[in-house]
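Q:
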Amino acid sequence: MKCQWYSSPSGLFIYYINILVCIFCWSGVTKAQETGSIDLVVLNKTTGLPIAGHELTLLRHNSEEEQEETLLKVVTDSNGQYKFAGLPADESHYVIVTRYLEIPYLTEHITLGPGEQQTIVLEVYDITTNENELIHSAIHLVIETTPDILNIMEIIVLDNKSNMTFAPPPNSGLGLIYSLPSAAFGLQPMVQGLRHTDRGLLFSAPVKPGPERIIYTYSLDRTSVDHKFVRQMDYNISRVQVLVSPSTEIVTAVNLTNDGEQRIGDKDYLLLSNRVGLQKGMSVEVAFPYILTWQVALKWGMLGFVILILIGGIFVGIRIKPEKLKNFDNTTGVEPKNKRKYTAILHAIANLDDQKDAGILDARTYRSRRDGLQKRALRLHQNGSKSE
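Going by our numbering, 105 is the number at position 55 of the sequence shown; the sequence numbering is gapless.
#1: Taking buried to mean at least 16 other C-beta atoms within 10 Å of its own C-beta, is Gly130 buried or exposed?
#2: Whose C-beta lies closer than 6 Å to the C-beta of Lys374 among residues of the same chain, with five residues either side of it excluded?
#3: Going by DSSP, what residues sit across from Val294 in a beta bridge?
#4: Measuring CB to CB, does Asn210 end up less than 8 Å from Lys258?
#5: Considering Thr267, what are the terminal residues of the beta strand (DSSP E) in which it resides?
#6: Name the residue from Arg263, Leu430, Asn180, Ile101 whose alpha carbon lies nearest to the alpha carbon of Leu191.
#7: Spatial neighbours of Ala139 within its chain, please: CB distance less than 7 Å, with the 5 preceding and 5 following residues excluded, ordered by chain position.
#8: How big is the Cα-Cα spacing for Gly223 and Ser254?
#9: Could you compute how far the alpha carbon of Tyr504 sits from the alpha carbon of Pro256?
#10: Could you check whether the segment 263 to 275 touches the segment 288 to 297, counting it as contact only if at least three pairs of C-beta atoms, one from each stretch, sit closer than 8 Å?
#11: Rounding to the nearest angstrom, what Cα-Cα distance links Ile185 and Met240 in this structure?
#12: Among Gln405, Ala188, Gln312, whose alpha-carbon lies nearest the alpha-carbon of Asn286?
#13: Among the candidates Phe338, Glu115, Leu322, Leu137, whose CA atom is the shortest distance from the CA of Glu311?
#14: Per DSSP, what kind of secondary structure is Gly223 in: helix, strand or coil?
#15: Can you give me the start and stop residues for the beta strand (DSSP E) that Arg325 sits inside?
#16: Give, in chain order, every unbroken run of the beta strand (DSSP E) that is at least 3 residues long and sits entirely within the segment 122 to 202.
#17: Looking at the unbroken beta strand (DSSP E) that takes in Gln312, where does it start and where does it end?
#18: Measuring only the C-alpha atoms, how far is Leu270 from Ile227?
#19: Leaving out five residues on either side along the sequence, give the residues of the same chain with a beta carbon under 7 Å from the beta carbon of Asn112.
#20: Do you know how far the Cα of Met352 is from the Cα of Phe216?
#21: If you follow the beta strand (DSSP E) that Asn94 is in, where does it begin and where does it stop?
#22: For Asp412, does the three-state DSSP call read helix, strand or coil?
#23: Span of the beta strand (DSSP E) holding Arg110?
#24: For His397, is the classification buried or exposed, using 16 other Cβ atoms within 10 angstroms of its Cβ as the cut-off for buried?
#25: What residues match up with Val356 in a beta bridge as DSSP calls it?
#26: Would you mind reading off the limits of the alpha helix (DSSP H) that contains Thr445?
#27: Just the C-alpha distance for Trp344 and Phe355, rounded to the nearest angstrom, thanks.
#28: Report the partner residues of Ile205 according to the DSSP bridge assignment.
#29: Which residues does DSSP list as the beta-bridge partners of Lys278?
#30: Please identify the residue among Arg149, Arg426, Ile314 whose C-alpha is closest to the C-alpha of Leu106.
Shown next as structure tokens:
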């Protein structure tokens with residue numbers, strides 16, 4: 051009779067133990083496959099040397115809307131390296147941040163797949179206050195027009211050609227200065243390190259090697275700038291691009307070439323550009339057509355009405371000569387008790403004549419007041435004559 055090894059109680063026990071071991075081994079392999087790792091090295095790109103004993107912080111966030119979670123704070127080894135192992139590979143984003151010479155640096159988003167190992171170099175730099183290596187490669191101006199207002203967005207593209215981070219000392223007032231039109235209002239910086247000063251816009255944020263963008267918006271009243279937008283170059287600039295919306299605007303441009311319509315996203319713009327560059331102190335200009343709004347029409351209508359009134363007053367003043375008092379231009383025949391009152395009325399009439407000649411009174415008011423005074427004087431004169 052053939053006997054199976056698991057037919058006895060002891061054999062059955064060994065069988066179940068083997069099954070449990072297989073389950074645990076399989077779950078361990080699955081768990082290992084659901085995690086990943088990041089091998090990181092911190093490298094000073096100015097010197098080309100790794101940085102030992104440097105503090106790092108590992109952050110994780112599941113989406114752009116959620117607040118990041120701080121997972122670890124660690125220090126690099128003697129080779130400037132650190133291995134982040136056993137990280138959940140659950141489509142989370144990992145970011146490693148650090149500070150070097152008080153300047154923040156961070157990696158791009160790192161996404162790990164199950165069992166994936168990534169090697170990342172976090173580059174840091176020495177610092178400088180010398181701006182000579184900063185090149186203004188482009189200025190993009192986006193102008194959104196309304197009948198009353200020009201809404202401007204400026205995008206300045208910097209390129210740090212050196213192997214050091216440009217970093218002015220904090221609160222020193224040093225940095226890059228950009229001018230704003232004197233009539234500008236509603237300034238909105240859209241990057242950190244940009245603020246309005248007496249000298250203009252001061253940008254004092256660190257500029258790492260490579261490209262950097264400075265973005266801000268402001269508005270201009272069209273009438274305050276005579277319907278012209280003028281942008282003077284604060285530095286030598288390699289390229290200028292102006293986008294005007296709506297694209298149907300009929301404009302006149304200086305130092306810019308009309309390149310026709312350009313579609314960006316779901317919107318059409320009129321594209322004006324200067325590809326050869328401009329020197330510091332030169333400028334570009336975009337003149338917009340005058341738009342007769344109801345406020346402007348009302349203003350000019352009121353002005354025309356006032357002019358017509360003045361012309362009418364002058365015409366009436368020419369035709370209606372002030373009548374001189376006849377037969378009672380002296381106090382003869384006026385009762386003694388009324389002579390003072392009569393003299394006061396004559397002075398009042400003379401004062402009205404002076405105000406009319408000086409243009410203080412309009413013809414209608416002058417005629418009404420003078421007739422009233424003249425009638426009062428005439429009554430006093432007639433009453434005196436009757437009593438005689």
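Built from N, CA and C at the ideal position, the CB exists for glycine as well.
A: The answer reads as follows:
#1: Buried: at least 16 other Cβ atoms inside 10 Å.
#2: A caution first: Lys374 carries a pLDDT of 46, below 50, which makes its placement in the model too unreliable to give a value.
#3: In DSSP, Val294 forms a bridge with Ile193, Leu320.
#4: Contact: yes.
#5: Segment 260 to 271, the beta strand (DSSP E) holding Thr267.
#6: For the residues Arg263, Leu430, Asn180, Ile101, the minimum Cα distance to Leu191 belongs to Arg263.
#7: Only Glu84, Thr85, Gly86, Leu162, Gly163, Pro164, Glu166 meet the Cβ criterion.
#8: Each residue's CA atom was taken as its position, placing Gly223 and Ser254 some 8 Å apart.
#9: An answer regarding residue 504 cannot be provided, because it is not within the stretch 51 to 438 covered by the chain.
#10: With a cut-off of 8 Å, the segment 288 to 297 and the segment 263 to 275 do not count as touching, because too few Cβ pairs lie within range.
#11: Rounded to the nearest angstrom, the two C-alpha atoms are 21 Å apart.
#12: Closest option to Asn286, Cα to Cα, is Ala188.
#13: Out of Phe338, Glu115, Leu322, Leu137, Leu322 has the C-alpha closest to the C-alpha of Glu311.
#14: Coil at Gly223, not helix or strand.
#15: Boundaries cannot be given for Arg325, as no beta strand (DSSP E) includes it and DSSP labels it neither H nor E.
#16: Counting whole runs of 3 or more residues, the segment 122 to 202 contains the beta strand (DSSP E) stretches 131 to 138, 143 to 150, 153 to 156, 167 to 174, 184 to 195.
#17: 307 to 314 is the extent of the beta strand (DSSP E) around Gln312.
#18: Going by the C-alpha atoms only, they are around 20 Å apart.
#19: When the five nearest sequence neighbours on each side are left out, the beta carbons in the same chain lying within less than 7 Å of the beta carbon of Asn112 are those of Ser142, in order along the chain.
#20: If I take the Cα positions, the gap works out to 57 Å.
#21: Membership of Asn94 in the beta strand (DSSP E) is indicated by the continuous run 85 to 94.
#22: Asp412 falls in the coil class under three-state DSSP.
#23: Note, Arg110: beta strand (DSSP E), 105 to 111.
#24: With fewer than 16 Cβ atoms within 10 Å of its Cβ, His397 is classed as exposed.
#25: As DSSP reads the structure, Val356 sits in no beta bridge.
#26: Residue 445 lies beyond the range of the chain shown here (51 to 438); nothing can be said about it.
#27: With a pLDDT of only 49 at Trp344, under 50, the local geometry of the prediction cannot be trusted, and the value read off the model is given with reservation. For Trp344 and Phe355, the distance between alpha carbons rounds to 16 Å.
#28: In the DSSP output, where bridge partners are listed per residue, Ile205 has His190, Ile265.
#29: For Lys278, which the question treats as bridged, DSSP gives the partners Ala337.
#30: Comparing Cα-Cα distances from Leu106 to each of Arg149, Arg426, Ile314, the minimum goes to Arg149.
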